[in-house]
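Notes follow the structure.
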Amino acid sequence: MSAETHFKTAAEDRISLRQKTAYAVGMLVNNLQAAALPAMVVILNLGLGMDPVLVGLLGAIPRIFDAVSDPMLGYISDNTRSRWGRRRPFIFTGALIAGLIFALMWQLPEGHSQPFYFWTFMVASILFFLAYTVYATPFVAFGYEMTPDYHERTRLHAFANTVGQLAWLGVPWFYAIMASSLFRDTVHGARVLAVWVGVIVAILGIVPAIFCREKQTVPPKAAEGLLENMAEFLKGIGTTFKCGPFVKLCGATFLVFNGFQLGMSFSLYVMIYYLFSGNDSQAGKLMGTFGSLTAIFTLCVIPLTGWIATRIGKRKTFLITISLSIVGYAIKWVGYNPDHPYWLLFSAPLVAFGTGALFTLMGSMISDVCDYDELQTHQRREGVFGAIYWWMVKVGMALAGLLTGVLLKVSGFDVALGAGQADKTLFLLRVFDVGIPILTSAIALGIIATYTITEGKAHEIRGELERRRGKVSEEKR
101 MSAETHFKTA
111 AEDRISLRQK
121 TAYAVGMLVN
131 NLQAAALPAM
141 VVILNLGLGM
151 DPVLVGLLGA
161 IPRIFDAVSD
171 PMLGYISDNT
181 RSRWGRRRPF
191 IFTGALIAGL
201 IFALMWQLPE
211 GHSQPFYFWT
221 FMVASILFFL
231 AYTVYATPFV
241 AFGYEMTPDY
251 HERTRLHAFA
261 NTVGQLAWLG
271 VPWFYAIMAS
281 SLFRDTVHGA
291 RVLAVWVGVI
301 VAILGIVPAI
311 FCREKQTVPP
321 KAAEGLLENM
331 AEFLKGIGTT
341 FKCGPFVKLC
351 GATFLVFNGF
361 QLGMSFSLYV
371 MIYYLFSGND
381 SQAGKLMGTF
391 GSLTAIFTLC
401 VIPLTGWIAT
411 RIGKRKTFLI
421 TISLSIVGYA
431 IKWVGYNPDH
441 PYWLLFSAPL
451 VAFGTGALFT
461 LMGSMISDVC
471 DYDELQTHQR
481 REGVFGAIYW
491 WMVKVGMALA
501 GLLTGVLLKV
511 SGFDVALGAG
521 QADKTLFLLR
531 VFDVGIPILT
541 SAIALGIIAT
551 YTITEGKAHE
561 IRGELERRRG
571 KVSEEKR
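Following this line, the structure appears as structure tokens:
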């Protein structure tokens with residue numbers, strides 16, 4: 101069968117608008133939790149005066165706990181039996197706890213030492229990420245199993261990610277909000293803003309748990325006893341890492357997203373100290389404008405990506421969109437011009453193709469991989485696949501958080517110097533900002549060029565699975 105074969109979505113495989121909307125609200129909350137903490141953590145350095153290496157450790161260590169807990173929660177969710185389903189109880193509980201912890205973790209009292217702030221925030225961050233895992237891992241798995249159709253999966257993730265992108269419209273303005281005249285200082289602004297974010301997470305996060313309905317999927321029988329369950333868990337992790345197409349998706353995401361995250365970690369520093377000579381208010385406005393403009397273009401990129409992918413395939417669409425984002429990063433170098441700081445905005449439309457297309461395609465492609473895996477292993481393991489995928493992302497984010505602090509040191513940045521940063525420091529900050537995502541995205545293109553699950557292949561896999569399931573059902577009669 102040709103890889104170019106195109107199949108029409110059957111009516112029974114369509115997801116209703118109500119279900120898509122409820123899931124999309126959950127995606128908004130998922131993105132808000134992922135984006136809010138990195139957007140606010142700069143306050144620890146610029147507001148409380150913490151050493152950038154300590155801030156880097158705060159960005160890295162809690163995510164390691166988060167990454168370790170993800171596969172465990174995925175395994176637990178896959179094997180949960182309850183009257184409310186495998187995913188919904190975790191989504192409901194995780195949203196409430198994560199919202200509460202996020203609101204409390206920023207209520208840092210004034211006048212304490214760096215070790216006090218470091219260890220207080222460390223413990224709070226670990227607790228927050230554990231709660232976030234309880235929400236996010238079953239939520240992501242939920243999206244993988246809502247439809248068996250190749251194209252409807254893309255439409256679902258395009259719709260959900262479009263709504264989820266609204267979080268990125270507001271998050272770039274967080275620093276400008278915290279530095280505004282509404283508050284005494286940025287630390288006070290962070291305290292109040294955290295409460296707002298926590299309430300939104302708690303209220304909207306329970307929407308998919310209440311309004312989405314799970315398919316009646318019977319999980320595999322869990323092994324009895326702690327040791328048996330641990331053995332099954334570790335065996336499943338090993339099997340997952342042997343799935344070639346999945347490893348390629350993880351590698352590409354690790355490179356594209358975390359390259360973007362690491363590069364953007366330096367953007368505010370470049371704006372404050374290179375473009376505006378230490379004026380954080382003007383830098384905050386440019387950061388907000390750039391971030392919001394990028395988010396607006398991403399809102400356009402996501403449905404466009406979905407539309408293109410249903411016509412030329414997911415792999416080809418990835419190669420096109422990520423290539424466009426590389427051009428956007430290159431334009432940023434020219435846009436960093438102190439005489440014309442708002443030239444930076446010209447890069448936003450193309451930069452938007454990076455993460456905007458990435459998660460729209462990857463969510464759909466991992467759904468296909470779950471079918472591929474079932475064909476090989478005779479198991480449905482959306483929870484584990486989603487957990488391992490985000491485990492890779494979060495390990496990368498931990499590494500990015502750590503490298504941000506290290507590279508700031510390498511650049512010679514010193515917050516005490518204010519606008520008097522050395523020319524070499526300002527040059528290296530721009531190199532890190534622009535060069536890192538270009539390099540990582542280019543490597544990701546090479547990886548996905550070898551990805552082999554096409555529409556035709558996915559259709560063949562689904563047909564074989566349905567024949568197998570039908571045969572099993574008959575044998576049980």
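Under the working numbering, the first residue of the sequence shown carries the number 101, and numbering increases by one thereafter. The C-beta atom is built at its ideal place from N, Cα and C for all residues, glycine as well. Note that the structure is predicted; figures quoted are calculated from it, not measured.
ask   = Using DSSP with H/G/I as helix, E/B as strand and the rest coil, what is Arg-186?
value = In the sequence shown, the residue the question calls residue 186 occupies position 86. Here Arg-186 sits in coil by DSSP.
ask   = Would you call the region 438–447 and the region 490–498 in contact, with 3 or more CB pairs under 8 Å?
value = no
message = Using the Cβ count rule (16 or more neighbours within 10 Å means buried), how would you classify Gln-133?
response = As a first step, residue 133 is located in the sequence shown; it is residue number 33 there, counting from the start. Gln-133 comes out buried.
ask   = On the three-state DSSP scale, how would you describe Gln-119?
value = Counting from one through the sequence shown, the residue named residue 119 turns up at place 19. It is helical.
Neighbourhood of Leu-282 by C-beta distance below 6 Å, restricted to the same chain and skipping five residues each side = Residue mapping note: residue 282 aligns to position 182 of the sequence shown, counting from 1. So no residue of the chain qualifies.
Three-pair Cβ contact test at 8 Å for the region 107–118 versus the region 182–193 = no
task = State yes or no: is the C-beta of Ala-139 within less than 7 Å of the C-beta of Val-263?
result = Counting from 1 along the sequence shown, the entry for residue 139 is found at position 39. Counting from 1 along the sequence shown, the entry for residue 263 is found at position 163. Not a contact, by the Cβ cut-off of 7 Å.
inquiry  = Any contact between the region 213–226 and the region 454–473? By contact I mean 3 or more CB pairs, one from each, below 8 Å.
reply    = no
key: Close beta carbons around Val-318, own chain, < 7 Å, minus the five adjacent residues each side   = To locate residue 318, count along the sequence shown from 1; it is residue 218. The predicted position of Val-318 is uncertain, since its pLDDT is 47 and thus under 50; no value can be drawn from it.
ask   = If we count Cβ pairs, one from each stretch, closer than 8 Å, do we get three or more for the region 418–425 versus the region 389–398?
value = no
request  = Leaving out five residues on either side along the sequence, give the residues of the same chain with a beta carbon under 7 Å from the beta carbon of Met-127.
outcome  = Stepping through the sequence shown from its first residue, residue 127 is reached at position 27. So the qualifying residues of the chain are Ala-260, Asn-261, Val-263 and Gly-264.
ask   = Fully enclosed by the region 147–218, which alpha helix (DSSP H) runs are 4 residues long or longer?
value = 152–178 and 188–205
key: Candidates Ile-303, Gly-535 and Leu-173: closest to Tyr-431 by CA position   = Mapped onto the sequence shown, residue 431 falls at position 331. The question names Tyr, yet the displayed sequence has Ile at residue 431. Considering only alpha carbons, the answer is Gly-535.
key: Residue interval of the alpha helix (DSSP H) (run including Asn-358)   = One-based indexing of the sequence shown puts residue 358 at position 258. Its alpha helix (DSSP H) spans residues 344–364.
ask   = So what's Ile-466 in DSSP terms, helix, strand or just coil?
value = Counting from one through the sequence shown, the residue named residue 466 turns up at place 366. The answer is helix: DSSP assigns Ile-466 an H, G or I state.
query = Going along the chain, which residues of its own chain have a beta-carbon closer than 8 Å to the beta-carbon of Phe-202, five neighbours each way excluded?
reply = Looking up residue 202 in the sequence shown gives position 102. Around Phe-202: Gln-133, Ala-136, Leu-137, Phe-228, Ala-294, Val-297, Gly-298 and Val-301.
ask   = The alpha helix (DSSP H) spanning Pro-600 covers which residue range?
value = The shown model of the chain, from 101 to 577, leaves out residue 600, and the question about it has no answer.
query = If you count every other CB in all the chains shown that lies within 10 Å of the CB of His-478, and 16 or more means buried, which is it?
reply = Looking up residue 478 in the sequence shown gives position 378. Under this definition His-478 is an exposed residue.
key: Residues of its chain near Gln-382, where Cβ-Cβ distance is below 6 Å and the 5 sequence neighbours each way are ignored   = Taking the first residue of the sequence shown as position 1, residue 382 is located at position 282. Around Gln-382: Phe-376.
query = So with Cβ pairs under 7 Å, would you call Pro-345 a contact of chain D?
reply = The structure shown has no chain D; it contains just one protein chain.
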